[in-house]
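J.:
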Amino acid sequence: MRFLSAGVALGLLAAPLAAEPQFSPERIKADVGFLADDLLEGRDTGSRGHEIAARYVAAQFAAAGLKPGGSQGWFTPVTLSEASLGDGASLTVSGKAGSQSFAQRVDVLMTASHREAASDVSAPLVFVGWGLDDPAYGYNDYKGLDVRGKIVVMLRGIPKGAPDEVVAHLANQKAVRASARGAIGVIAISSLQSERTDPFAKRLAGQQRPSTTWVKADGQAFDAASNVRGNARVGDKAAQAIFAEARTPLATVLAEADKPGGRPKGFALATSARFTFASTQRRIVSPNVVGVIPGSDPALKDEVVVLMGHLDHIGIKANAAPGADRIFNGALDNAAGSAVMLEAARAFAAEAPPKRTLMFIANTGEERGLLGAEATANMPPVAIDRIVAAVDLDMPLLLYPFTDVIAFGGDHSTIGSAIAKAVGVAGVAVSPDPMPEETIFVRSDHYAFVKRGVPAIMLATGYASGGEAAWKSFLSTHYHNLTDDMALPIDWASAARYARVNYLITRELADAAERPRWYAGDYFGNAFAAGAPRAVRAAK
Ligand SMILES: [Zn+2]
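So, in C-alpha cells, the structure goes:
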C-alpha cells in the first residue's frame with residue numbers, strides 16, 4: 006500500500022483528532038425516514054416526490070450553513086429527453102425460409118428513439134460475438150467484419166472468467182462501438198449466463214420504463230451511438246430466427262460462449278432484420294442539488310472535491326394489485342447514501358473549512374442512466390480538471406456492523422491509497438471488489454466522472470462481518486423492489502460510523518498536499534486523462 010509523506014500524515018491526523026465532529030444515528034434515521042416515506046412516491050426523476058426530496062436536501066444544506074452551489078441557487082436544473090415506444094413496434098427477421106415478425110413485449114424489448122417519430126430500419130445481420138471492441142486491450146470482436154450499414158447481433162454480458170473494470174467499461178460501450186464501426190442497429194441475444202442471472206422472461210414481465218438521456222447545451226438529446234437507429238433485446242424465438250441457416254448454429258455459439266473465457270468469433274448471418282416502431286419524446290427538467298463549502302487554502306481552494314449520492318429512485322410500480330404496496334421507497338437505494346452525505350456535510354460545516362473546496366451533490370436521474378452526474382461531468386460548474394476527485398455514495402448496505410469498505414474504481418489512481426489511509430483512522434479496512442460479475446464500476450454516478458478523466462470511486466460497505474450474506478440477500482430480494490423500505494433492519498449506529506468514514510475520506514482528499522493521480526499505464530487514465538500527471542504504482 007502506498008502512503009503519502011509522513012509530514013502530510015501528521016498534519017492530517019492532528020487536526021481531526023483535536024475536535025472531530027459527532028455523527029448522529031438519529032439524524033440519519035430522520036433523513037432516511039423522510040426521503041423514503043410513501044408520500045415521496047419513490048422519488049422518480051421528474052416526479053413531484055423527487056422535487057420534494059430535492060427541496061428537503063436544499064433545506065438541510067442551508068440549515069447546516071453550506072453555500073448554494075447550483076446554477077439557480079441550490080439547484081442545477083438538468084434537462085432530460087424521455088422517449089417512449091408507440092403501439093405496434095415489431096422486429097421482422099427475414100431469410101430464405103421467409104419472414105417472421107416479433108412483437109414488442111412478447112418476443113422483443115425495443116428501445117424508443119430520441120430523434121425520430123417513426124423509425125424503419127432494415128439491413129443484413131452480422132454476428133459480432135460479445136461485441137467487445139478495444140483491440141489494444143485484446144478485445145477485437147469486429148475483426149475481419151464489415152458492419153457498415155448493417156445490424157449487428159451480439160451476446161449479452163461478458164465472457165466468463167476474471168471480469169475486470171475495463172471489461173465492464175467495454176460492455177457498457179457496446180452500442181457506442183457498434184455505432185463507431187458504422188452499424189445502424191443493435192440486437193442483443195441472451196447468453197446462457199445472462200439467462201441465469203437476468204432472464205429475458207423476467208424482463209418481459211417487469212415494468213418497461215421510458216428511455217432517458219440528458220440534453221446537451223445545444224438542445225440536442227445526447228446520444229453516444231448516433232448511427233444506431235434501432236436497438237432491441239430479443240428472446241429465444243427471435244434468436245433462433247436470426248440464426249436460421251447460420252454457418253455456426255446458435256446452440257454451438259451459446260455453448261462456446263458459456264465456457265470459461267469463451268469468445269465465439271463473429272460472422273455474417275444469412276438473415277436480415279427490420280425494425281419498425283413509433284416513438285414519442287418529451288422533455289423533463291429535474292434538479293441536481295448542490296451545496297458548497299469554500300476551501301481555505303489560497304493555493305488549493307480553486308480545486309474541488311465532490312461528495313455525491315443520487316436522490317432519485319424508481320417511483321411507483323405500474324399495475325400493482327389494488328390496496329397492495331406500490332411505492333419503491335428506496336430506503337437504502339439511495340435515501341441512505343443521500344442521508345450519509347448530508348451528515349458528512351454537516352460535520353464539515355461545523356468546523357474550520359478544509360484546504361480545497363467541497364461540493365456536495367444530490368444527483369438526479371441516476372436510475373435512468375447516471376444522467377444527473379453525466380450532465381455535471383459534461384457541463385461542469387468549474388473546469389473539469391479542477392475537480393480533483395469524486396466520491397459516490399450509492400446504496401450503502403447499512404444492515405450490519407461493517408468493518409470494511411469497497412472502493413469501486415480505487416485501483417486506478419492514488420485515490421485508492423488516500424481512501425485506505427483515511428478509513429484506517431476509523432479502524433476500517435478497504436477490500437477488493439468481491440463481486441466483479443456485478444460490474445458495479447460502470448453502474449453508478451462516479452463512472453460519469455471517470456469518463457471525463459476525474460479519479461472517482463463508488464464507496465460501499467464490504468463483505469466482512471456479515472456483509473456477504475447481507476449483500477447476497479439484498480441483491481436477490483430487495484434491490485429495486487418494494488421491500489427496500491424502512492422495515493429493513495437498518496443499523497443506524499453503523500450509518501453514523503459510515504458518515505464518519507466518508508467525512509474522513511473527504512477530509513483526506515480535500516487537505517492532502519497532492520491531488521489524486523491516475524497510475525501510469527492505467528487504462529482509464531490513458532483513455533480519459535491523457536495529459537494529466539501520473540503516479541507510479543507501488544508494488545503490492
Ligand atoms: Zn438503484
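Residue numbers (our numbering): 6 to 545. Positions of the beta carbon are idealized from the N, C-alpha and C atoms, including for glycine.
1) CA-CA distance, PHE66 and ALA352?
2) Hey, quick one: how far does the alpha helix (DSSP H) through PRO30 stretch, first residue to last?
3) Which residues are close to ligand 1, meaning CB closer than 6 Å to any heavy atom, in chain order?
4) Please go through the same chain and pick out, in chain order, the residues whose beta-carbon is closer than 6 Å to the beta-carbon of SER127, but skip the five residues on each side of it.
5) Could you tell me if ARG238 is buried or exposed, where buried requires 16 or more neighbouring beta carbons within 10 angstroms of its beta carbon?
6) Here's the rule: buried if 16 or more other CB atoms are within 10 angstroms of the residue's CB, otherwise exposed. What is SER104?
7) For THR218 versus LEU376, is the C-beta spacing smaller than 8 Å?
8) Go through the segment 435-487 residue by residue and report every complete run of the alpha helix (DSSP H) that reaches 4 residues or more, in order.
9) Note the first and the last residue of the continuous beta strand (DSSP E) segment covering GLU87.
10) Can you check which of these residues, ASP490, VAL410, PHE107 and ALA453, is closest to GLY432 by C-alpha distance?
11) Looking only at its chain, what residues have a beta carbon closer than 6 Å to the beta carbon of ALA325, apart from the 5 residues adjacent to it on each side?
12) Would you call the segment 84-101 in contact with the segment 208-225, where contact means no fewer than 3 C-beta pairs closer than 8 Å?
13) Curious, which full-length alpha helix (DSSP H) runs of at least 4 residues does the segment 162-246 contain?
14) If I measure Cβ to Cβ from ARG556 and keep anything under 6 Å in the same chain, skipping five residues before and after, which residues do I get?
15) At 3 residues or longer, and completely inside the segment 393-419: list those beta strand (DSSP E) runs for me, N to C.
16) Hey, could you find the ends of the beta strand (DSSP E) GLN105 is sitting in?
17) List the DSSP bridge partners of THR362.
18) Using the three-state DSSP reduction, which class does PHE529 fall into: helix, strand or coil?
19) Of the residues LEU160, PHE333, VAL83 and GLY190, which one's Cα is nearest the Cα of THR488?
20) For TYR524, list the residues DSSP reports as bridge partners.
21) Let me check understanding here. Comparing Cα to Cα, which of GLY429, SER481 and ARG520 lies closest to VAL506?
22) For ALA469 and SER99, what's the separation of their Cα atoms in angstroms?
23) Kindly list the residues whose CB is nearer than 6 Å to the CB of PHE533, restricted to its own chain and excluding five residues on each side of it in sequence; keep chain order.
24) For the alpha helix (DSSP H) containing PHE66, list its first residue and its last residue.
25) Figure out for me which residue from ALA461, PRO494 and GLY467 has the closest Cα to the Cα of ARG522.
26) Helix or strand or just coil, what does DSSP make of LEU375?
27) Short check: CB of MET400 to CB of VAL295, under 8 Å?
28) Say the cut is 7 Å; is the CB of ARG53 nearer than that to a heavy atom of ligand 2?
29) Out of curiosity, what's the CA-to-CA distance linking PRO538 and GLY530?
30) If you check the beta carbons only, do ARG252 and THR50 fall under 8 Å apart?
31) Looking at the strands, I want to know which residues DSSP matches up with SER124.
32) Tell me PRO265's beta-bridge partners as DSSP assigns them.
33) Is it true that the segment 33-47 meets the segment 489-500, where meeting means three or more beta-carbon pairs spaced less than 8 Å apart?
34) Cα-Cα, which of TYR528, SER118, ALA183 and SER95 is closest to PHE132?
35) Quick one: measure Cβ to Cβ for ARG512 and PRO299, integer angstroms, because I've assumed they're closer than 8 Å.
36) In this structure, how does DSSP classify LEU114 when only helix, strand and coil are distinguished?
T.: A quick look at the data gives this:
1) 11 Å
2) 30-40
3) ASP338, GLU372 and HIS485
4) ARG279
5) buried
6) exposed
7) yes
8) 451-455 and 472-478
9) 80-90
10) VAL410
11) ARG331
12) yes
13) 170-177, 179-185, 197-202 and 205-210
14) No answer is possible for residue 556: the residues shown for the chain start at 6 and end at 545.
15) 409-413
16) 103-108
17) VAL309
18) helix
19) PHE333
20) ALA540
21) GLY429
22) 53 Å
23) LYS456 and GLY458
24) 53-69
25) ALA461
26) coil
27) no
28) Ligands displayed in this structure: ligand 1; ligand 2 is not among them.
29) 10 Å
30) no
31) PHE282
32) LYS165
33) yes
34) ALA183
35) 15 Å between Cβ atoms; not a contact.
36) strand
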